[in-house]
Amino acid sequence: IKLKEVVKAVSDSMSTVVWNNQLLCAFLELLLSLLTLSDEGNQEEEGEEGALSVINVVDTRTLVDLTQKSNDIDTSGIFTTFAYNCSASKGMLAQLYQSGALKVVKTVLESTVDDETYVIAAAGCVRFFTSLDGQEVFILDAGVIEPLLVQLIRFSSSPDIISEVAMAVYNLAVQPELRHFLLEKGCLSSLQACLEVVDEGIKEEVEEAIAVLQMEV
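Per mature numbering (1 follows the signal peptide of the UniProt record, and there is no 0): the sequence shown = residues -38 to -1, 1 to 179.
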């Protein structure tokens, strides 16, 4: 039996079988392990048996709904980490976004979870979703900027989170009509505060985000 057929069979059962959080987490962990075990850069070229090919058979809309209904931060965190690791495929990212994945990401951002990896994944998802053409205004309307900045303050010593937030803000701020909104939410002052403590390795990313916001000032 091919792995793809197994994953599809499990996915198809999501709308007919009662899933508990343990079962849902196990399935999400399986999907995540398929991505992380694949060689980076080769996922799209692996053909029919590639990890993304297997994952493409998943009913992502039902997966999002089940994750939301679980009301469990670990389940939401694992889903968000899975979505974050789908970044190799713009098609998969778009599918997740259209399936409502941003709702789960927002749940993680609004939580007080101490697991930094979940927050990195959530911030990264916002960054990747902002790179999808034409989605910028919808992302702002989803109300993720405020909780994103709250997490930035909570994890102000994390270069990974600072980097993800800076790149997400930059992706949005390249749209002139969105800069005023971002300034109102405090993106500029938050990033300027990070600039004082940020590692040299990501200083340029933060400076670019600040520079593009300052065009509006």
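Glycine is no exception: its CB is placed at the ideal position from the N, C-alpha and C atoms. Predicted model, so just to flag it, every value in this text is computed and none were measured.
Practice task
Keeping to the same chain, check which residues put their C-beta closer than 8 Å to that of ASP161; ignore five residues upstream and five downstream.
Solution key: Result list for ASP161: PRO121, in chain order.
Practice task
Report yes if the CB atom of VAL112 is closer than 8 Å to the CB atom of CYS87, and no otherwise.
Solution key: Not a contact, by the Cβ cut-off of 8 Å.
Handout entry: Rounded Cβ spacing between ASN47 and ARG89 (contact assumed at less than 8 Å)
Key = At roughly 13 Å, the Cβ-Cβ gap does not stay under 8 Å, so ASN47 and ARG89 are not in contact.
Problem - Anticipated Cβ contact below 8 Å, LEU71 with VAL106, distance rounded - result: Yes, LEU71 and VAL106 are in contact; Cβ-Cβ is about 6 Å, under 8 Å.
Handout entry: Exposed unless 16 or more other CB atoms sit within 10 angstroms - verdict on VAL179
Key = So VAL179 counts as exposed.
Practice task
Could you give the DSSP three-state label for PHE117: helix, strand or coil?
Solution key: Note: PHE117 maps to coil in three-state DSSP.
Practice task
Taking the CB atoms as reference points, tell me whether ALA84 and THR42 lie closer together than 8 Å.
Solution key: Yes. Within cutoff.
Exercise for the section: From the DSSP output, in three-state form, read off GLU(-34) for me. Expected result: The three-state secondary structure of GLU(-34), taken from DSSP, is helix.
Handout entry: Complete runs of the alpha helix (DSSP H) confined to the segment 67 to 153 [at least 4 residues]
Key = As summarised for the segment 67 to 153, the continuous alpha helix (DSSP H) elements at least 4 residues long and confined to that stretch are 78 to 92, 98 to 103, 107 to 116, 121 to 135 and 138 to 146, given in chain order.
Practice task
Could you tell me which of GLY53, ILE40 and GLU(-34) sits nearest to THR69, measuring between CA atoms?
Solution key: When each option's Cα is compared against that of THR69, the closest is ILE40.
Problem - Limits of the alpha helix (DSSP H) - the one that ALA171 falls within - result: Residues 162 to 176.
Problem - Selected residue, minimal CA-CA separation from ILE101, among GLN176, VAL131 and VAL(-32) - result: When only C-alpha atoms are compared, the closest one is VAL131.
Exercise for the section: Enumerate in chain order the residues of its own chain whose CB-to-CB distance from ILE123 is below 8 Å, with the five nearest sequence positions on each side excluded. Expected result: Listed in chain order, the non-local C-beta contacts of ILE123 below 8 Å within the same chain comprise GLU78, VAL81, ILE82, ALA85, GLN113, LEU114 and PHE117, local neighbours out to five positions each way being set aside.
Problem - Of the residues PHE44, SER38, LEU(-36) and VAL(-32), the one placed nearest LYS65, counting alpha carbons only - result: The residue with the shortest Cα to Cα distance from LYS65 is SER38.
Exercise for the section: Round the Cβ separation of VAL168 and LEU157 to the nearest angstrom and send it over; I've been treating them as touching at under 8 Å. Expected result: Yes, VAL168 and LEU157 are in contact; Cβ-Cβ is about 5 Å, under 8 Å.
Problem - Residue from ILE164, GLN137, PRO138 and GLN(-17) whose Cα sits closest to the Cα of ALA128 - result: When each option's Cα is compared against that of ALA128, the closest is ILE164.
Handout entry: Boundaries of the alpha helix (DSSP H) in which ASN33 is found, first to last residue
Key = Per DSSP, ASN33 lies in no alpha helix (DSSP H) segment and is marked neither H nor E.
Exercise for the section: Give every residue of the same chain whose Cβ lies closer than 6 Å to the Cβ of SER93, excluding the five residues on either side of it in the sequence, and list them in chain order. Expected result: Excluding sequence neighbours, SER93 sits near ASN133.
Practice task
Starting from the C-beta of LEU(-11), find all residues in its chain whose C-beta is less than 6 Å away, skip the five residues before and the five after it, and write them out in chain order.
Solution key: If we look at LEU(-11) and ignore the five residues flanking it on each side, its Cβ neighbours are ILE40, PHE41 and PHE44.
Exercise for the section: Could you pull out every residue in the same chain whose Cβ sits closer than 7 Å to the Cβ of SER(-28), ignoring the five residues on either side in sequence? Expected result: Excluding residues within five positions, the ones whose Cβ falls inside 7 Å are VAL19, VAL20 and ASP21.
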